[in-house]
Structures are given as structure tokens and as C-alpha cells.
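Engineer:
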Amino acid sequence: MSEFVTISKADKLFKDYMLGNVPNRPNFIAVPVRGFNGDFGKEQTTFQLIDRSTKKRPMFFYLSGQLIRWKWLTISLSPVVTAFAYLSFIGFEYSALTFFLVLITLFFSHSSIFILNDFYDHLFGVDTARSKGGSRVIQKAWLPASTVRSIGYTFLILSVICGLFLSYQHGWNVLLLGAVGLFSGWVYSYLSKFKRFIGLNILMITFFMGPFLVVGVSWGLFNYTSTGLIFMGALFGLLAYLCIGFRHMENLYLSHRAVGTSLVEYLGFDKSKWFLLSCVLAVPFVYVLVVFDFTTLSHSIDHLTSSVLLILPLFFYVYILQATIKLSSSMGSSIVKLRNSLSLLHFVVGTSFLLYLTFLA
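Residue 274 is where the sequence shown starts when you use my numbering, and the numbers rise one by one after that.
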């Protein structure tokens with residue numbers, strides 16, 4: 274039999290309940306189920322008290338995948354791996370240790386940002402108000418919010434340790450980039466939840482999951498930048514935002530403007546569709562700039578190979594463009610397929626660029 278308790282936000286025990294802790298009942302997890310929204314200062318919140326022994330937790334791999342977002346990991350790693358391939362081709366050398374440390378630092382950073390974003394979405398009542406937001410690890414009582422917060426900060430500390438070691442090896446450039454990255458992670462996970470910063474997540478995703486990663490590797494490790502790398506970063510950032518932007522669109526029928534924390538949710542379906550469509554239309558223009566830069570690197574590769582590797586992503590793009598134009602609702606399987614197709618396009622673009630640079634080498 275389920276137990277429920279309703280307490281005021283002004284109550285001194287409110288924070289404990291939001292962290293999933295039930296005072297004097299350590300075997301129970303508290304999960305908010307109704308009435309919580311971070312915009313209101315005076316309100317009551319209803320919590321369901323769930324006995325830990327009656328809640329079956331999924332297997333470790335699945336649980337960690339939900340928290341870390343395995344399916345989004347390539348969005349973080351592809352720009353960096355492609356940047357290393359580009360720099361290797363034009364003559365820069367690096368050790369396997371450096372390459373591994375950059376990837377593991379990025380993995381820890383990726384994990385901490387998504388996990389802490391989950392925690393703050395819970396704290397602000399965002400994921401309580403919509404049934405599919407976030408990883409649902411807290412909402413399904415698989416882990417209390419306090420544990421999710423601890424895991425997030427553990428990954429953050431690990432990323433700082435790796436970043437400091439890279440800074441020791443490669444200088445102050447890496448240290449500066451790490452500080453900017455940490456600040457941006459805090460902005461995305463916490464500050465962007467406030468309504469006056471409603472459009473901030475567009476900048477955070479587009480810049481920090483694209484140009485920041487690509488140019489960050491080249492400038493931070495090799496003190497080098499180029500227009501080709503900037504265009505490549507812009508393409509990855511634009512595709513990353515589209516992946517997450519269409520995920521936000523899925524939330525439209527699950528929430529409303531009072532709880533939405535993204536521009537897509539705030540605009541509503543019709544306006545956000547045209548906004549995302551304009552972003553989709555911008556993709557081939559940036560893509561052509563990247564391809565043009567690649568073709569100027571060397572003329573030794575045959576036209577058939579270059580055509581296969583560089584035109585292949587356009588087939589995925591045509592499907593995505595048609596699907597976006599035909600999209601008529603934020604509900605149903607169409608938008609899920611569209612989001613998955615964009616994730617696949619991001620991966621295909623990164624793989625095509627990597628193979629092209631490898632063939633050139």
C-alpha cells in the first residue's frame with residue numbers, strides 16, 4: 274500500500290524530501306508526485322513514500338546508461354575524435370596517452386553534466402511535471418535524488434582531476450578551457466532552468482557541443498585554429514542542438530509553458546517547428562563549407578571515395594528534411610524516429626569525416 278505525505282515548501286523538512294530522504298525512515302525514498310513547480314514560493318507538495326525493498330532496481334548497465342545517456346555519448350565524442358584526425362592529417366603529433374586522457378575527461382564531463390542536469394530538473398520540479406523528461410531514475414525511485422547528486426559531483430571531480438593532469442602536460446590553454454567548460458556545465462544544469470534564461474540552452478548546446486570541443490582540442494593542445502575546424506565545430510554543434518531540440522519538442526504534450534525550460538517548449542509546436550526547420554535547412558550550408566575545406570587539404574583521393582564518404586550523410590539529411598516538413602504533432606512515433614535519425618546523422622557525419630581523413634592520410 275502506497276503512502277503519501279503533503280508538506281509545504283516552507284517546511285524545514287522540504288529539502289530532505291526533495292533529496293529523496295524520509296526523516297526517521299531510512300528504508301524509504303520520497304518522490305514528488307504532484308503540486309511542485311520551482312516558480313512558486315508558497316505551495317504544498319505531495320510526496321509518495323516508497324519502500325526501497327519493494328522497488329526492483331534495473332541492472333547496472335541499464336541504470337548507468339539512463340543516467341549517463343549512452344545514446345548521447347557519440348554526440349560528445351565524435352567532434353573530438355574527428356578533430357584529432359584532422360590535426361593528425363595536417364601534421365600534428367600526439368601520444369596515445371593524450372588522446373585517451375582527452376576522451377576520458379570528456380566522458381566524465383559528459384556524464385556529470387547530464388546527471389546534474391537530471392538532479393536540478395528534479396529540484397526545480399521540471400521532470401515531475403512531465404512524464405518523460407530526464408532519465409526518470411529519480412522519478413521511478415531507482416535512486417534517491419541525493420545519490421544522483423553525489424554521482425554527478427563524483428564524475429565532475431574526476432573530470433577536474435583529468436583536466437588538471439592535461440593542463441600540467443600541455444599548459445594554461447587547457448586549464449582555461451577546463452574552467453570555461455565547468456562554468457558552462459553549471460549554466461546548462463542550473464542557471465538555464467530560470468525563465469529569464471529560457472533561450473540559454475540553445476547557445477550552450479550549439480557552442481559547447483560543437484566549436485568548443487573541436488577548436489578546444491586544436492587550440493588547447495596544439496595552439497592552432499583554422500576556419501575549417503570552426504566550420505566543422507559549427508556543424509557538429511548544430512546537429513547536436515537539433516537532436517536535443519526535437520527531444521524538447523517531445524515534451525510539449527507532457528508539459529506547458531509554466532514548466533518548460535527550453536525555447537522549443539516555450540514557443541509551442543507551430544513556432545518551434547519552423548524554428549527547428551530553419552536549423553535543419555542551415556545544415557547543408559555549413560556541411561558544404563566543411564567539405565570544401567576537406568577537398569583543399571589534398572587532391573590525392575579519388576572522386577569515387579570522396580563522393581561515397583562525403584555525400585552519404587546527405588541521404589540521411591533528405592529524409593530528416595522531409596520528416597520535419599511533414600511533422601504535424603509532438604506526439605506519436607514520427608518525432609521519435611526524427612530525433613533518432615538526427616542522432617544517426619550526427620554519427621554518420623563524424624564517421625564519414627573520420628574515414629575521409631584516414632583515406633587521405
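Just so it is clear, CB atoms sit at the ideal spot from N, CA and C, and this is done for glycine as well.
How about L556 and F357: are their beta carbons less than 9 angstroms apart?
Structural biologist: As a working mapping, residue 556 is identified with position 283 in the sequence shown. As a working mapping, residue 357 is identified with position 84 in the sequence shown. According to the sequence as given, residue 556 is Val; it is not Leu. Not a contact, by the Cβ cut-off of 9 angstroms.
Engineer: Please go through the same chain and pick out, in chain order, the residues whose beta-carbon is closer than 8 angstroms to the beta-carbon of I598, but skip the five residues on each side of it.
Structural biologist: In the sequence shown, the residue the question calls residue 598 occupies position 325. Only L550 meet the Cβ criterion.
Engineer: Quick one: give me the first and last residue of the beta strand (DSSP E) that F277 is part of.
Structural biologist: For this step, residue 277 is matched to residue 4 along the sequence shown. Unbroken beta strand (DSSP E) run through F277: E276 to S281.
Engineer: According to DSSP, simplified to helix, strand and coil, what is R530?
Structural biologist: Locating residue 530 in the sequence shown gives position 257, counting from the first residue. Residue placement at R530 is flagged as unreliable, the pLDDT there being 44, under the threshold of 50; the coordinate-derived value follows with that caveat. DSSP places R530 in coil when its eight states are reduced to three.
Engineer: I believe L374 touches F438 by the beta-carbon criterion, under 8 angstroms. Please report the beta-carbon distance rounded to the nearest angstrom.
Structural biologist: Taking the sequence shown and counting its residues from 1, the one referred to as residue 374 is at position 101. Taking the sequence shown and counting its residues from 1, the one referred to as residue 438 is at position 165. Yes, L374 and F438 are in contact; Cβ-Cβ is about 7 angstroms, under 8 angstroms.
Engineer: May I have the straight-line CA-CA distance separating R422 from L536, to the nearest angstrom?
Structural biologist: As a first step, residue 422 must be located in the sequence shown, where it is residue number 149. As a first step, residue 536 must be located in the sequence shown, where it is residue number 263. Looking at the two C-alpha atoms, the distance is approximately 26 angstroms.
Engineer: Looking only at its own chain, which residues have a Cβ that is under 6 angstroms from the Cβ of G518, when we skip the five neighbours before and after it?
Structural biologist: Residue 518 sits at position 245 when you count from the first residue of the sequence shown. Cβ neighbours of G518 beyond the five flanking positions: V537 and L549.
Engineer: Given a threshold of 16 other Cβ atoms within 10 Å of its Cβ, counted over all protein chains shown, does N496 qualify as buried or as exposed?
Structural biologist: To locate residue 496, count along the sequence shown from 1; it is residue 223. That one is exposed.
Engineer: Cα separation between F588 and Y359?
Structural biologist: For the purposes of this step, residue 588 is identified with residue 315 of the sequence shown, where counting begins at 1. For the purposes of this step, residue 359 is identified with residue 86 of the sequence shown, where counting begins at 1. Roughly 24 angstroms separates the two Cα atoms.
Engineer: What does the alpha-carbon distance come out to for the pair L617 and T498?
Structural biologist: Within the sequence shown, residue 617 is the residue found at index 344, counting from 1. Within the sequence shown, residue 498 is the residue found at index 225, counting from 1. About 28 angstroms.
Engineer: Is DSSP giving N294 helix, strand or coil here?
Structural biologist: Against the sequence shown, residue 294 aligns to sequence position 21. In this structure, N294 counts as strand in the three-state DSSP scheme.
Engineer: Which residue marks the beginning of the beta strand (DSSP E) containing D324, and which one marks its end?
Structural biologist: Along the sequence shown, one-based indexing puts residue 324 at 51. That run of the beta strand (DSSP E) goes Q317 to D324.
Engineer: Report buried or exposed for K546, applying the criterion of at least 16 other Cβ atoms within 10 angstroms of its Cβ.
Structural biologist: Working through the sequence shown from its first residue, we reach residue 546 at position 273. By the neighbour-count rule (16 or more Cβ atoms within 10 Å), K546 is buried.
Engineer: For the structure I just gave you, are there three or more beta carbon pairs, one from the stretch 298 to 307 and one from the stretch 409 to 418, closer than 8 angstroms?
Structural biologist: yes
Engineer: Note down the Cα distance separating V561 from K282, rounded to an integer number of angstroms.
Structural biologist: Here residue 561 is taken as the residue at index 288 of the sequence shown, counted from 1. Here residue 282 is taken as the residue at index 9 of the sequence shown, counted from 1. Going by the C-alpha atoms only, they are around 53 angstroms apart.
Engineer: Buried or exposed: where does A452 fall if 16 or more other Cβ atoms within 10 Å of its Cβ makes it buried?
Structural biologist: Along the sequence shown, one-based indexing puts residue 452 at 179. That one is exposed.
Engineer: Considering Cα atoms alone, identify which of I434, H521, P484 and W445 is closest to N474.
Structural biologist: Along the sequence shown, read from residue 1 onward, the residue named residue 474 stands at position 201. Comparing C-alpha distances from N474 to each of I434, H521, P484 and W445 shows the shortest one belongs to H521.
Engineer: Cα separation between K285 and T279?
Structural biologist: For the purposes of this step, residue 285 is taken as residue 12 along the sequence shown, with counting starting at 1. For the purposes of this step, residue 279 is taken as residue 6 along the sequence shown, with counting starting at 1. The straight-line gap from Cα to Cα measures roughly 13 angstroms.
Engineer: Quick one: using the 10 Å Cβ neighbour count with 16 as the cut-off for buried, is D543 buried or exposed?
Structural biologist: The residue given as residue 543 occupies position 270 in the sequence shown. Classification of D543: exposed, given that the 10 Å Cβ count is below 16.
Engineer: My parser needs the alpha helix (DSSP H) runs of 4 or more residues fully inside the stretch 569 to 628; what are they?
Structural biologist: 576 to 599
Engineer: Ends of the alpha helix (DSSP H) at Y335?
Structural biologist: Here the question's residue 335 lines up with position 62 in the sequence shown. Looking at the DSSP string, the run of the alpha helix (DSSP H) that includes Y335 is F333 to I341.
Engineer: Report the residue ranges of all alpha helix (DSSP H) runs contained in full by the stretch 371 to 446; include only those spanning at least 4 residues, in chain order.
Structural biologist: The stretch 371 to 446 contains these whole alpha helix (DSSP H) runs: 399 to 402 and 418 to 443.
Engineer: Any idea what DSSP makes of P557, helix, strand or coil?
Structural biologist: In the sequence shown, the residue the question calls residue 557 occupies position 284. Note: P557 maps to helix in three-state DSSP.
Engineer: Given V433, which residues of its chain have a CB within under 8 angstroms of its CB, disregarding the five upstream and five downstream residues?
Structural biologist: Translated into positions along the sequence shown, residue 433 becomes position 160. The beta carbon of V433 lies closer than 8 angstroms to those of G451 and L455 in the same chain, with the five residues before and after it left out.
Engineer: Contact between the stretch 334 to 345 and the stretch 385 to 394: three or more CB pairs below 8 angstroms?
Structural biologist: Output reads yes: the stretch 385 to 394 touches the stretch 334 to 345.
Engineer: Would N446 and G493 be called neighbours here (beta carbons separated by less than 9 angstroms)?
Structural biologist: What you label residue 446 is simply residue 173 of the sequence shown in a count that begins at 1. What you label residue 493 is simply residue 220 of the sequence shown in a count that begins at 1. In this structure, G493 lies closer than 9 angstroms to N446 by Cβ.
Engineer: Where V295 and S607 are concerned, what is the direct C-alpha to C-alpha distance, given to the nearest angstrom?
Structural biologist: Position 22 of the sequence shown, counted from the start, is the residue given in the question as residue 295. Position 334 of the sequence shown, counted from the start, is the residue given in the question as residue 607. One C-alpha to the other measures close to 41 angstroms.
Engineer: Rounded to the nearest angstrom, what separates M291 and N297 at their Cα positions?
Structural biologist: Within the sequence shown, residue 291 is the residue found at index 18, counting from 1. Within the sequence shown, residue 297 is the residue found at index 24, counting from 1. Cα-Cα distance, rounded: 15 angstroms.
Engineer: I363 lies in the alpha helix (DSSP H); which residues open and close that run?
Structural biologist: Stepping through the sequence shown from its first residue, residue 363 is reached at position 90. No alpha helix (DSSP H) contains I363, which DSSP labels as neither H nor E.
Engineer: Sort L611, V564, L322 and G605 by Cα distance to V622 and report the nearest one.
Structural biologist: In the sequence shown, the residue the question calls residue 622 occupies position 349. The shortest Cα separation from V622 among L611, V564, L322 and G605 belongs to V564.
Engineer: When the Cα of V488 is compared with those of L627, M477 and F504, which residue comes out closest?
Structural biologist: Here residue 488 refers to the residue found at position 215 when the sequence shown is read from its first residue. The candidate whose alpha carbon is nearest that of V488 is F504.
Engineer: Between P352 and F509, which are expected to be in contact by the criterion C-beta below 8 angstroms, what is the C-beta distance as a whole number of angstroms?
Structural biologist: Start at 1 with the first residue of the sequence shown, and residue 352 comes out as number 79. Start at 1 with the first residue of the sequence shown, and residue 509 comes out as number 236. So it is a contact: roughly 4 angstroms between Cβ atoms.
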